[in-house]
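Asks: Everything in the sequence shown is counted per full-length UniProt numbering, starting at 1 for the first residue and increasing by one.
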Amino acid sequence: MKLENITHSYPDGSQVRTVLRDVTLEVAPGELVAVMGPSGAGKTTLLRIAGLLEEPTRGRVLIDGKDCATLDSNQRADLRRDHLGFVFQDYNLIDTLTIAENVALPLELAKIPDARTAALQELENLGLSAVADSFPADVSGGEKQRAAIARAFIGPRSVILADEPTGALDTANSDAVMRLIRSRVDEGASGLLVTHEPRLAAYADRSVRLKDGELQ
Numbered sequence: 001m002k003l004e005n006i007t008h009s010y011p012d013g014s015q016v017r018t019v020l021r022d023v024t025l026e027v028a029p030g031e032l033v034a035v036m037g038p039s040g041a042g043k044t045t046l047l048r049i050a051g052l053l054e055e056p057t058r059g060r061v062l063i064d065g066k067d068c069a070t071l072d073s074n075q076r077a078d079l080r081r082d083h084l085g086f087v088f089q090d091y092n093l094i095d096t097l098t099i100a101e102n103v104a105l106p107l108e109l110a111k112i113p114d115a116r117t118a119a120l121q122e123l124e125n126l127g128l129s130a131v132a133d134s135f136p137a138d139v140s141g142g143e144k145q146r147a148a149i150a151r152a153f154i155g156p157r158s159v160i161l162a163d164e165p166t167g168a169l170d171t172a173n174s175d176a177v178m179r180l181i182r183s184r185v186d187e188g189a190s191g192l193l194v195t196h197e198p199r200l201a202a203y204a205d206r207s208v209r210l211k212d213g214e215l216q
């Protein structure tokens, strides 16, 4: 994955606010890069652009060698669904689906057969078989986050994007989550982690710092 000369601005009243300025960052397969910096530095915006959830004002995003600026909205959605795994602080699980159904959802949307079987295997890998048929409201915070990771990992994910993935967890669960992310990256995915904690950034191969929208 490569971000080239990313600049992102938006209107703020009568002015234009620039949150990212000419940011270039490449993450190789098998590499985990931590993005650190103060609140408001543009970390989450950078992650959202990398995940094709926002478009940059200038610059381009390349995923698996594809220039995402050349893709239409349907192609971008397909790429996001099939190749990008997202791990958020607030889990983003669907309350009306069981844990297994949440994990299987990306495969169901892609019309991949045996989605439930694959979901159950991913849950077993993460020690969540016992809660597969439970609803999110009935499991712990650590279990919810591991379920969100299972959903991010299921299928052929070439990029893992994590935005403060341990913010709501205690130290033991935080370390467990980071070990899971690290292991998936070690299998060949490109990983981008937004965090403000040096302890978690230590799991990365390298760290970069954003300040005032620029890489330091």
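Note that the Cβ used here is the ideal one computed from N, Cα and C, for glycine as well.
(1) Touch check for the segment 199-208 and the segment 23-41: three-plus C-beta pairs under 8 Å?
(2) Hey, quick one: how far does the alpha helix (DSSP H) through residue 153 stretch, first residue to last?
(3) Using only alpha-carbon positions, find the residue among 157, 161, 20 that is nearest to residue 56.
(4) For residue 70 and residue 62, what's the separation of their Cα atoms in angstroms?
(5) Distance check for residue 188 and residue 145, CA to CA, integer angstroms please.
(6) Over what stretch of residues does the alpha helix (DSSP H) that includes residue 43 continue unbroken?
(7) Could you give the distance in angstroms between the alpha-carbon of residue 169 and the alpha-carbon of residue 95?
(8) Exposed or buried, what is residue 45 when buried is set at 16 or more other beta-carbons lying within 10 Å of its beta-carbon?
(9) Within 10 angstroms of its Cβ, does residue 110 collect 16 or more other Cβ (buried), or is it exposed?
(10) With H, G and I counted as helix, E and B as strand and the rest as coil, what does DSSP make of residue 190?
(11) In terms of residues, what are the limits of the alpha helix (DSSP H) holding residue 103?
(12) For the alpha helix (DSSP H) that contains residue 75, what are its first and last residues?
(13) Would DSSP call residue 129 helix, strand or coil?
(14) For residue 93, which of helix, strand or coil comes out of DSSP?
(15) Hey, how far is the Cα of residue 177 from the Cα of residue 27?
(16) With distances taken Cα to Cα, identify the nearest neighbour of residue 84 among 209, 185, 195, 206.
(17) Assuming residue 213 and residue 42 are in contact, meaning their beta carbons sit under 8 Å apart, how far apart are those beta carbons, in whole angstroms?
(18) How about the segment 97-105 and the segment 131-138: do they share at least three Cβ pairs that are nearer than 8 Å?
(19) Just how far apart, CA to CA, sit residue 118 and residue 74?
(20) Compute the Euclidean distance between the alpha carbons of residue 142 and residue 14, then round it to the nearest angstrom.
Replies: Reading off the structure:
(1) Yes, the segment 199-208 is in contact with the segment 23-41.
(2) 141-153 is the extent of the alpha helix (DSSP H) around residue 153.
(3) Selection 157, 161, 20 evaluated against residue 56 yields 20 as nearest (Cα-Cα).
(4) Rounded to whole angstroms, residue 70 to residue 62 spans 10 Å at the Cα level.
(5) Those two C-alpha atoms are separated by around 22 Å.
(6) For residue 43, the enclosing alpha helix (DSSP H) stretches over residues 43-50.
(7) Between residue 169 and residue 95, the C-alpha separation is close to 19 Å.
(8) Its Cβ being crowded by 16 or more others within 10 Å, residue 45 is buried.
(9) Classification of residue 110: exposed, given that the 10 Å Cβ count is below 16.
(10) DSSP, read as helix, strand or coil, puts residue 190 in strand.
(11) For residue 103, the uninterrupted alpha helix (DSSP H) segment begins and ends at 99-109.
(12) First-last of the alpha helix (DSSP H) with residue 75: 73-83.
(13) Looking at residue 129 - three-state DSSP - the assignment turns out to be helix.
(14) The answer is coil: DSSP assigns residue 93 none of H, G, I, E or B.
(15) A straight-line Cα-Cα distance of about 20 Å links residue 177 and residue 27.
(16) Of the listed residues, the one whose Cα sits closest to residue 84 is 185.
(17) With 8 Å as the limit, residue 213 and residue 42 qualify as a contact, their Cβ atoms being about 5 Å apart.
(18) As far as the Cβ criterion goes, the segment 97-105 touches the segment 131-138, which means the pair count is three or higher.
(19) Those two C-alpha atoms are separated by around 25 Å.
(20) Just so you know, the alpha carbons of residue 142 and residue 14 end up roughly 44 Å apart.
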